[in-house]
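Here the working numbering runs 17 ahead of the position in the sequence shown, where the first position is 1.
Even glycine gets a Cβ: it sits at the ideal position worked out from N, Cα and C.
This one's a predicted model, so the numbers in the text were calculated from it and none came from an experiment.
To keep things clear, I will list the structure first and then write my remarks on it.
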Amino acid sequence: MPEQQPQQIGRYRVTGQLGAGGMGVVHLAFDEHLQRKVAIKRLIRNPSSSTAHLRIRQEAKLLAQLNHSNIVQIYDVVEDAGEIALVMEYVDGCTLSQWQRERAPSLAQRLAILRQVCTGLARAHSIGIIHRDLKADNILVDRDNVAKITDFGIAKNWREESDLTREQHVAGSWGAMSPEQALGKPLDNRCDLFALGVLAYRLLTGQSPFGDHDSAFVIVERIVKSQHPPADKLNPELPAALSKLLDRLLEKEPDRRPLSASAVADELDAIQATLNPELAAGTLSGTATVTAESFHSQVRSRQRQRKSLLAASALAVAAAVAFASMSALLPASGKSAGKYIAIVAPNDKNFGNRETRLLGQSVLSTLKQDLTNRDGLLLIPYRESTMLMGRPLDDQARALNADLLLHPSLDCTSRQCELSLDLIDTDTMTVKASRSTQLATGGSTDSRARTLQQLGKLLAAYPRRGSEASFGLSDADYRRYLWLFDQRDDDAHITEHLAELEALQQRNPLFTPLYRLYSELVIDQRFVSRSMEAVERLEHFLEHAPSSIADHPDVLSARLSLAIQRQDRKRGEALLDQLRLRLPDSASYYWHLAVFHQHLGDYREALAAADRALELRRSYSHLVQKAMALTGLGEMDAARPLLQEALTLSESNINAVSLLAGNELDAGRPGETVRLLTSVGLDNLGGMDIYNLCLAHYIERQFGEADHCLARLAEESPGDAEVLLYRAEIANARERPEQARAFAEQALAAVADRDDWEGLLMQARAHAELGHAARAVEKLIRVGRNAPDDIYVNFARAQVYVTTGDLFSAKAHLRKTLDLGLSPIWFQTEPFAPVCEEEQFADLRSDYPALCAKRQQKPSSVASKGSTSA
Numbered sequence: 018m019p020e021q022q023p024q025q026i027g028r029y030r031v032t033g034q035l036g037a038g039g040m041g042v043v044h045l046a047f048d049e050h051l052q053r054k055v056a057i058k059r060l061i062r063n064p065s066s067s068t069a070h071l072r073i074r075q076e077a078k079l080l081a082q083l084n085h086s087n088i089v090q091i092y093d094v095v096e097d098a099g100e101i102a103l104v105m106e107y108v109d110g111c112t113l114s115q116w117q118r119e120r121a122p123s124l125a126q127r128l129a130i131l132r133q134v135c136t137g138l139a140r141a142h143s144i145g146i147i148h149r150d151l152k153a154d155n156i157l158v159d160r161d162n163v164a165k166i167t168d169f170g171i172a173k174n175w176r177e178e179s180d181l182t183r184e185q186h187v188a189g190s191w192g193a194m195s196p197e198q199a200l201g202k203p204l205d206n207r208c209d210l211f212a213l214g215v216l217a218y219r220l221l222t223g224q225s226p227f228g229d230h231d232s233a234f235v236i237v238e239r240i241v242k243s244q245h246p247p248a249d250k251l252n253p254e255l256p257a258a259l260s261k262l263l264d265r266l267l268e269k270e271p272d273r274r275p276l277s278a279s280a281v282a283d284e285l286d287a288i289q290a291t292l293n294p295e296l297a298a299g300t301l302s303g304t305a306t307v308t309a310e311s312f313h314s315q316v317r318s319r320q321r322q323r324k325s326l327l328a329a330s331a332l333a334v335a336a337a338v339a340f341a342s343m344s345a346l347l348p349a350s351g352k353s354a355g356k357y358i359a360i361v362a363p364n365d366k367n368f369g370n371r372e373t374r375l376l377g378q379s380v381l382s383t384l385k386q387d388l389t390n391r392d393g394l395l396l397i398p399y400r401e402s403t404m405l406m407g408r409p410l411d412d413q414a415r416a417l418n419a420d421l422l423l424h425p426s427l428d429c430t431s432r433q434c435e436l437s438l439d440l441i442d443t444d445t446m447t448v449k450a451s452r453s454t455q456l457a458t459g460g461s462t463d464s465r466a467r468t469l470q471q472l473g474k475l476l477a478a479y480p481r482r483g484s485e486a487s488f489g490l491s492d493a494d495y496r497r498y499l500w501l502f503d504q505r506d507d508d509a510h511i512t513e514h515l516a517e518l519e520a521l522q523q524r525n526p527l528f529t530p531l532y533r534l535y536s537e538l539v540i541d542q543r544f545v546s547r548s549m550e551a552v553e554r555l556e557h558f559l560e561h562a563p564s565s566i567a568d569h570p571d572v573l574s575a576r577l578s579l580a581i582q583r584q585d586r587k588r589g590e591a592l593l594d595q596l597r598l599r600l601p602d603s604a605s606y607y608w609h610l611a612v613f614h615q616h617l618g619d620y621r622e623a624l625a626a627a628d629r630a631l632e633l634r635r636s637y638s639h640l641v642q643k644a645m646a647l648t649g650l651g652e653m654d655a656a657r658p659l660l661q662e663a664l665t666l667s668e669s670n671i672n673a674v675s676l677l678a679g680n681e682l683d684a685g686r687p688g689e690t691v692r693l694l695t696s697v698g699l700d701n702l703g704g705m706d707i708y709n710l711c712l713a714h715y716i717e718r719q720f721g722e723a724d725h726c727l728a729r730l731a732e733e734s735p736g737d738a739e740v741l742l743y744r745a746e747i748a749n750a751r752e753r754p755e756q757a758r759a760f761a762e763q764a765l766a767a768v769a770d771r772d773d774w775e776g777l778l779m780q781a782r783a784h785a786e787l788g789h790a791a792r793a794v795e796k797l798i799r800v801g802r803n804a805p806d807d808i809y810v811n812f813a814r815a816q817v818y819v820t821t822g823d824l825f826s827a828k829a830h831l832r833k834t835l836d837l838g839l840s841p842i843w844f845q846t847e848p849f850a851p852v853c854e855e856e857q858f859a860d861l862r863s864d865y866p867a868l869c870a871k872r873q874q875k876p877s878s879v880a881s882k883g884s885t886s887a
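In structure tokens form, the structure reads like this:
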């Protein structure tokens, strides 16, 4: 169990936790004597390291000597009952990685940060101290753009002998260590200069000079042996002198690097003095002609063609030094071994009647289950294939980035169908092999067995992993499952379908597709009804899964869905660890990881996982997932080209269109939202798309159309409090206070029993609308830190505080929302009228001139060009 947070450390009152690592946990605390915030690094109890106490004392000793504005200061050392803690300066800011991602700094600002890091390093080096783990996560940047080096936990005075790090063999982070550090050689200040080069390279190009390969062994090999791509290849806007400085910092031989951090600072000053003012002030576009990973991969490919053994020997050297620590730090997740295969989704219109449809579902179910269990094949999720139904096969292969396509087709008469299975090589778009068989219409276990037989002959080169588990369903139960699967989009009867699946489970508990289908229906009902009742049913359903199938991907995926709905981070992470071991395709694992973090509001982690999935297989689905993570971070402009690329691969893809339309709405372009959504046809829109269409009309002050649109949503989802609250806002804007109050009361009743962060947020908005200021604020306090710190949550908080009259708190959340990328047009609605009227917001209006610019203008007519029947 996690250790309980202490309330007091010495004279310092602990108020929260800032982070944790392998050696210590960092608390936020308040110094009662000096009335200031401090950060306290405290040793974790029962550490696995026998020398951890020695190392934290070493850190205190080193920090005490480093009195410098660009190094985190130490204030005190607290020792009590065998425990030791460092009391340090609290930096109100973020890591350099976050600063680079969130603030889009100019080239001049980046160079200024690097110069500050150099001066901090120079101070440390001047008294013989080397950091040995210098990286972006160990650089903090405060609100005034002052950089401070932190985490000297493995630092060392190179003039003194020390055994403090022998138990971990090679100290430091693998991606930033110098060649001599990776090889365990003696170190001096020049190893920090190499790490500075890695840090600067990533800050100026957005990429690591040694790529982003999953395997740390590969990264170490590149550090020791491989030349990095020139920085100006990754970012052509970089001055030549700056690119050459990076090359010198990243020299393999320490003697060829700059003499000192002070010398690097001087060179940065000279470069900055010669910068074109426009280049210095602009943000770097990073239009790369090559990526670092592709550069190293191409080099590796050429080496293989020459059959060189040098790379293997260099890797062996690095592995011999690093292996003991490596396995604990970085789990292997290299590129999946096998060919990506996709099932071509047949056109449902060809299945003219119920019996043919059931047979079609039987064939597809059989293909999916079989292909997930064959050596050398990696099945691309069928959900991706369905979005491409009817497209030319070469377009589908490109959109999915598949090596092989399996194309099933049925040619049916009234009583039987001929099933043809074609295996297509996407490099040449030719049929490699083909099989066919006769099947009776209507799904049956006999049809399933015949399909498996033909599939085994077609894919003889890719043997099954083990024998197929016993298939114990009766014909009647199998047909019922196929029918329920065929009706999975029938939202009106989800409750009945869940009950039928529960009955099927009682008779067939080992049939794993039941668990995946059940969880999908639960998520659909949760979205439609906003009720947690279906989630309770899923938990009960999973409790009856036999232990013999507990680690099957279908069951693990269903349990992961439950953990996401429960916002159970610990359980979700444990399930993802199990999925990593069970899924043969690493890209699929990283997709699941991205979805998990996205739902929990961990957008940076979601972005990193989506990047890994894209690296393994660049498909339209992974592009959309990365765009979702960027959107959560407020980087809509960065998401747009990804979505446009996804749409070139999958034209009219509803997922890409939906996200792009939502981003356009957040960016203050409601007319473009209307255009995008109506372009795919209203019948193809999901509930969230209709919702965004309603909000586009609302932002355009088309109140009649907006309310008509929301009324339609309310009929389909009567428990959706957010729809009711927007109807209340519209009623107020149309000067109908009684109607507004009725809608707010309905919204409050709809979420009265909910205790999750989203339900509490809706309760707060409803109480604010009803004039219950104290209750509204109390609900916001209960939301606390459980909710993600994103646009949606900050916007809702700002609205509650404005409505309840707490303008100071409102301004803080309003500013955060604007900083995250939400357009000022969203604050020109009636609830935010005080923003344009009260003196409290004068500085905000000055910082964002567009905030109230259009408040007095007449509503645009753009939205009226869309359909009014939504």
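Does the stretch 804–824 touch the stretch 771–784, meaning 3 or more C-beta pairs lie closer than 8 Å?
Because the criterion of three Cβ pairs below 8 Å is met, the stretch 771–784 and the stretch 804–824 touch.
List in chain order: all unbroken alpha helix (DSSP H) runs of 4+ residues lying wholly within the stretch 562–624.
List check, alpha helix (DSSP H) in window: 570–582, 586–599, 603–616.
Between which two residues does the beta strand (DSSP E) harbouring Ile360 extend?
Position 343 of the sequence shown, counted from the first residue, corresponds to residue 360. Note, Ile360: beta strand (DSSP E), 356–360.
Own chain residues within Cβ distance below 8 Å of Tyr865, not counting five before or after:
Working through the sequence shown from its first residue, we reach residue 865 at position 848. Here the set comprises Leu835, Pro841.
I'd like to know whether the C-beta atoms of Val237 and Ala199 end up nearer to each other than 8 Å.
Translated into positions along the sequence shown, residue 237 becomes position 220. Translated into positions along the sequence shown, residue 199 becomes position 182. Yes, the Cβ-Cβ distance between Val237 and Ala199 is below 8 Å.
What does the alpha-carbon distance come out to for the pair Cys429 and Leu660?
On the sequence shown, position 412 is the one that residue 429 refers to. On the sequence shown, position 643 is the one that residue 660 refers to. Approximately 39 Å, taken between the alpha carbons.
Can you tell me whether Glu96 is buried or exposed, with buried defined as 16 or more other CB within 10 angstroms of its CB?
By 1-based counting over the sequence shown, the position of residue 96 is 79. That one is exposed.
If you reduce the DSSP assignment to three classes, tell me which class Tyr532 lands in.
The residue you call residue 532 lines up with position 515 of the sequence shown. Reduced to three states, the DSSP call for Tyr532 is helix.
Within a Cβ cutoff of 8 Å, which residues of the same chain sit near Leu220, ignoring the five residues on either side of it in sequence?
In the sequence shown, counting from the first residue as 1, residue 220 sits at position 203. Around Leu220: Leu113, Gln117, Arg127, Ile130, Leu131, Ala153.
Going by DSSP, name the residue or residues bridged to Gln25.
As a first step, residue 25 must be located in the sequence shown, where it is residue number 8. Beta-bridge pairing links Gln25 to Arg30.
Quick one: does the C-beta of Val691 sit closer than 7 Å to a heavy atom of the ligand SAM?
With respect to the ligand SAM, the structure offers nothing, as it holds no ligand at all.
For the stretch 562–571 and the stretch 525–539, state whether three or more C-beta atom pairs, one from each stretch, are separated by less than 8 Å.
yes
Hey, is the stretch 403–422 in contact with the stretch 432–445, meaning 3+ C-beta pairs nearer than 8 Å?
Contact between the stretch 403–422 and the stretch 432–445 is present: 3 or more CB-CB pairs across the two stretches fall below 8 Å.
Return the Cβ separation of Glu662 and Glu310 in integer angstroms, given the expectation that the two are a contact with Cβ distance under 8 Å.
Along the sequence shown, one-based indexing puts residue 662 at 645. Along the sequence shown, one-based indexing puts residue 310 at 293. No, Glu662 and Glu310 are not in contact; Cβ-Cβ is about 18 Å, not under 8 Å.
Taking a contact to mean a Cβ-Cβ separation below 8 Å, would you say Leu151 touches Leu213 in this structure?
As a working mapping, residue 151 is identified with position 134 in the sequence shown. As a working mapping, residue 213 is identified with position 196 in the sequence shown. For Leu151 and Leu213, yes; Cβs fall inside 8 Å.
Inter-stretch contact at 8 Å, needing at least 3 Cβ pairs: the stretch 401–413 / the stretch 450–461:
no
Of the residues Phe211, Asp159, Leu83, Pro658, the one placed nearest Arg120, counting alpha carbons only:
On the sequence shown, position 103 is the one that residue 120 refers to. Measuring from the Cα of Arg120, the nearest candidate turns out to be Asp159.
Bridge partner(s) assigned by DSSP for Lys165
One-based indexing of the sequence shown puts residue 165 at position 148. Paired residues: Leu157.
Report the option in Leu617, Ala516, Gln584 whose CA atom is closest to the CA atom of Arg554.
For the purposes of this step, residue 554 is identified with residue 537 of the sequence shown, where counting begins at 1. With distances taken between CA atoms, Arg554 lies nearest to Ala516 out of Leu617, Ala516, Gln584.
I'd like the list of long-range same chain contacts for Glu856, defined as Cβ closer than 7 Å, with 5 residues on each side in sequence excluded.
The residue labelled residue 856 in the question sits at position 839 within the sequence shown. Excluding positions up to five away in sequence, the list is empty.
Ser344 (DSSP reduced to helix, strand or coil)
Against the sequence shown, residue 344 aligns to sequence position 327. Here Ser344 scores only 27 on pLDDT, less than 50, and its place in the model is too uncertain to base an answer on.
Expressed to the nearest angstrom, what Euclidean distance is found between the alpha-carbon atoms of Pro754 and Ala761?
For this step, residue 754 is matched to residue 737 along the sequence shown. For this step, residue 761 is matched to residue 744 along the sequence shown. Between Pro754 and Ala761, the C-alpha separation is close to 10 Å.
Following the continuous beta strand (DSSP E) through Glu755, name the residue where it begins and the one where it ends.
Taking the first residue of the sequence shown as position 1, residue 755 is located at position 738. Per DSSP, Glu755 belongs to no beta strand (DSSP E); it is in the alpha helix (DSSP H), 754–768.
Closer than 8 Å is the cut-off here; do at least three beta carbon pairs connect the stretch 386–406 with the stretch 356–366?
yes
Where in the stretch 192–271 do unbroken runs of the alpha helix (DSSP H), each at least 4 residues long, occur, reported from the N-terminal end onward?
Listed in chain order, the complete alpha helix (DSSP H) runs (minimum 4 residues) inside the stretch 192–271 are 196–199, 207–222, 233–242, 248–251, 257–266.
Spatial distance of His230 from Ala626 (CA atoms)
Here residue 230 refers to the residue found at position 213 when the sequence shown is read from its first residue. Here residue 626 refers to the residue found at position 609 when the sequence shown is read from its first residue. C-alpha separation (whole angstroms): 13 Å.
Same chain only: Cβ atoms within 6 Å of Asp411, ignoring 5 sequence neighbours per side
If you number the sequence shown from 1, residue 411 lands on position 394. Met446.
For Tyr535 versus Ala575, is the C-beta spacing smaller than 8 Å?
As a first step, residue 535 is located in the sequence shown; it is residue number 518 there, counting from the start. As a first step, residue 575 is located in the sequence shown; it is residue number 558 there, counting from the start. Contact: yes.
Return the CA-CA distance between Ala781 and Asp823, expressed in angstroms with no decimal places.
The sequence position of residue 781 within the sequence shown is 764, counting from 1. The sequence position of residue 823 within the sequence shown is 806, counting from 1. Roughly 14 Å between the two C-alpha positions.
Using the three-state DSSP reduction, which class does Cys869 fall into: helix, strand or coil?
As a first step, residue 869 is located in the sequence shown; it is residue number 852 there, counting from the start. Looking at Cys869 - three-state DSSP - the assignment turns out to be coil, as it is neither helix nor strand.
Could you give the distance in angstroms between the alpha-carbon of Asp264 and the alpha-carbon of Pro247?
By 1-based counting over the sequence shown, the position of residue 264 is 247. By 1-based counting over the sequence shown, the position of residue 247 is 230. In a straight line, the C-alpha of Asp264 is about 7 Å away from that of Pro247.
Rounded separation between Ile144 and Gln224 - CA only:
Taking the sequence shown and counting its residues from 1, the one referred to as residue 144 is at position 127. Taking the sequence shown and counting its residues from 1, the one referred to as residue 224 is at position 207. If you take the alpha carbons of Ile144 and Gln224, they lie about 32 Å apart.
Take every Cβ of the stretch 721–741, pair it with every Cβ of the stretch 684–698, and state whether three or more of those distances are shorter than 8 Å.
Because the criterion of three Cβ pairs below 8 Å is not met, the stretch 721–741 and the stretch 684–698 do not touch.
Quick one: what's got a C-beta closer than 8 Å to Glu49's C-beta in the same chain, skipping five residues either side?
Indexing the sequence shown from 1 puts residue 49 at position 32. Excluding positions up to five away in sequence, the list reads Arg28, Tyr29, Arg30.
Between Leu742, Gly703, Gln90, which lies nearest to Tyr715 when the distance is taken from Cα to Cα?
Mapped onto the sequence shown, residue 715 falls at position 698. Ranking the options by Cα distance to Tyr715, first place goes to Leu742.
Which of the three DSSP states is assigned to Ser437 in this structure?
Walking along the sequence shown from the start, residue 437 turns up at place 420. Ser437 falls in the strand class under three-state DSSP.
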